[in-house]
Structure formats: structure tokens, C-alpha cells
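Q:
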Amino acid sequence: MKATNVDAVKEFTASARQQLADALNRECTLEMPPGLVDEFISFGTLLPLRRGERIISAGEVDDNLYIIERGIMRSWYHDGKREVTEAFGLPGTIVLSFHSYYDGQPSTVNFEACCPSRVLKVKRSDFDSLIERSHLFSRWCLRLAQCQLYHYEIRRRVIKGDGLGRYKALLSHRPEIIRNVPLKIIASYLGVTPEYLSNLRKKV
């Protein structure tokens with residue numbers, strides 16, 4: 008289900024802004040100063056999402072960026088037989104369709120909420136403008152990309168092995184996903200059936 012509730016949420020308190028700023032800086036080993044991170048956040052429009060609502064759909068062009076402010080998002084695609092969950096995003100994670108942003112092509116994956124969530128939608132033009140104006144912000148974006156590649160390599164290592172080992176790794180590193188994401192979605196991430204995962208959970 009594609010998200011349609013695109014009106015800004017006005018009740019974005021100072022506390023919520025600070026929590027998001029802290030989450031953004033946890034995503035990267037280079038910290039943005041308060042004024043810069045606040046400027047970045049100020050570009051966004053808050054979108055509340057129900058579970059299952061999408062911000063980007065496969066086959067559509069969307070070159071905006073989305074910052075997860077609350078909840079859990081996932082990226083997934085259909086391989087012709089089943090849904091495959093590629094990754095999860097938690098508060099502070101920036102998600103986008105690289106195909107759309109880089110080359111103006113339709114997204115190859117879907118981005119949707121796994122539970123009630125909120126995201127900040129940032130227009131590409133505002134994001135690109137801040138990169139042009141701020142050398143520190145451009146450095147932060149580069150470091151963020153490096154961090155994402157690093158964690159992608161970690162995921163490749165963690166996802167190897169048997170189903171029990173993969174489940175234990177996810178439970179150890181991201182327990183909030185286990186608590187808040189439906190079983191069938193976790194199974195699609197681990198590459199096992201929901202029935203098999205249900206049996207694993209009884210063993211752990």
C-alpha cells in the first residue's frame with residue numbers, strides 16, 4: 008500500500024528533533040554540529056505511516072530522500088516466487104532509491120513500514136543544495152556512505168550459516184526488529200520459511 012498521508016505533522020517537538028539528530032549522528036562516525044543537523048532536518052516533511060505503507064514502490068521514480076524518525080522500515084523486492092527483504096532501517100537511517108536518485112530510473116525495490124512509523128521526506132533539490140553549500144555536510148555524506156558499505160559487508164557475513172545462527176545474530180544485533188517486525192518479514196530477511204523461523208524461536 009503506497010503512502011498517501013503526505014501532510015506535514017506539526018507536533019514535531021524540540022525533544023523529537025534532538026532525538027532524530029542524535030540518531031542521524033549515530034549512523035556515521037563523523038558528527039554533524041547542531042546547527043548543520045538542524046538545518047538538514049528542517050528541510051523535511053513528516054509523514055506518519057501505518058504498517059505496510061510504502062514511501063517508494065518498485066517500478067516508480069522517486070528521487071527524494073527519507074529519514075526514519077520513528078519505527079522500522081524495510082527494503083524488499085519480489086524474486087518471482089517470494090518476497091525478499093534486503094535490509095531494515097531504524098531511526099536515523101536515510102533511505103532512498105539509488106536508481107531514481109542517481110539515474111532517474113524506476114526503483115527496483117520497495118520501501119515500506121514494518122510497524123507504525125514516521126519518516127521525514129527531504130526533496131532531492133534541498134539535499135543537493137546543502138551538499139553544495141556545506142563542505143562538512145558533503146564530508147558527512149561520504150562518511151555515511153562508507154559506513155553503509157561497511158555494515159553491508161557485516162550483514163553479508165552475519166547472514167551466512169544456518170538459519171539458527173542467522174536468527175541468533177539478528178537477535179543479538181537488532182533485538183528491536185525481532186520484537187516489532189512480523190514473523191513472515193523476518194523470515195524473508197533470513198531466507199527461511201515462517202514455519203521454520205517459528206520453530207527456531209522456540210529453541211532460542
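Numbered according to the numbering used here, the sequence shown spans residues 8 to 211. Quick reminder that beta carbons are idealized off the backbone N, C-alpha and C, glycines included. Just so you know, these numbers come straight off a predicted model, no measurement behind them.
Rounding to the nearest angstrom, what Cα-Cα distance links Cys-2 and Ile-63 in this structure?
A: There is no way to answer for residue 2, as the model of the chain reaches only from 8 to 211.
Q: Exposed or buried, which one is Asp-14 when buried takes at least 16 other CB atoms within 10 Å?
A: Locating residue 14 in the sequence shown gives position 7, where the first residue counts as 1. Low confidence applies to Asp-14: its pLDDT is 45, below 50, so where it sits in the model is not reliable enough to give any reading.
Q: Does the Cβ of Thr-92 have 16 or more other Cβ atoms within 10 Å, making it buried, or fewer, making it exposed?
A: Along the sequence shown, one-based indexing puts residue 92 at 85. Under this definition Thr-92 is a buried residue.
Q: Below 8 Å on the Cβ atoms is my contact criterion, and I expect Gln-112 with Val-68 to pass it. Report the Cβ-Cβ distance as a whole number of Å.
A: Along the sequence shown, one-based indexing puts residue 112 at 105. Along the sequence shown, one-based indexing puts residue 68 at 61. Going by Cβ atoms, the distance from Gln-112 to Val-68 rounds to 7 Å, so yes, they are a contact pair.
Q: Where do the N-terminal and C-terminal ends of the beta strand (DSSP E) with Ile-74 fall, by residue?
A: Start at 1 with the first residue of the sequence shown, and residue 74 comes out as number 67. Taken as a continuous stretch (DSSP letters only), the beta strand (DSSP E) holding Ile-74 covers 72-77.
Q: For a minimum of 3 consecutive residues, which ranges assigned as the beta strand (DSSP E) are wholly contained in the segment 43-109?
A: Runs of the beta strand (DSSP E) inside the segment 43-109: 52-56, 61-63, 72-77, 80-85, 90-96.
Q: Contact check, Ile-48 vs Ala-28 under 8 Å by CB: the rounded distance?
A: Within the sequence shown, numbered from 1, the residue matching residue 48 stands at position 41. Within the sequence shown, numbered from 1, the residue matching residue 28 stands at position 21. Ile-48 to Ala-28, Cβ: 7 Å. Contact.
Q: Return the CA-CA distance between His-142 and Leu-43, expressed in angstroms with no decimal places.
A: As a position in the sequence shown, residue 142 is number 135, starting the count at 1. As a position in the sequence shown, residue 43 is number 36, starting the count at 1. Each residue's Cα considered, the two are about 11 Å apart.
Q: Could you tell me whether the Cβ atoms of Tyr-73 and Leu-103 are closer together than 8 Å?
A: Working through the sequence shown from its first residue, we reach residue 73 at position 66. Working through the sequence shown from its first residue, we reach residue 103 at position 96. In contact: Tyr-73 and Leu-103 (Cβ atoms closer than 8 Å).
Q: Going by alpha carbons, who is nearest to Arg-125 out of Thr-100, Asp-110, Asp-133?
A: As a working note, residue 125 is residue 118 in the sequence shown. The candidate whose alpha carbon is nearest that of Arg-125 is Thr-100.
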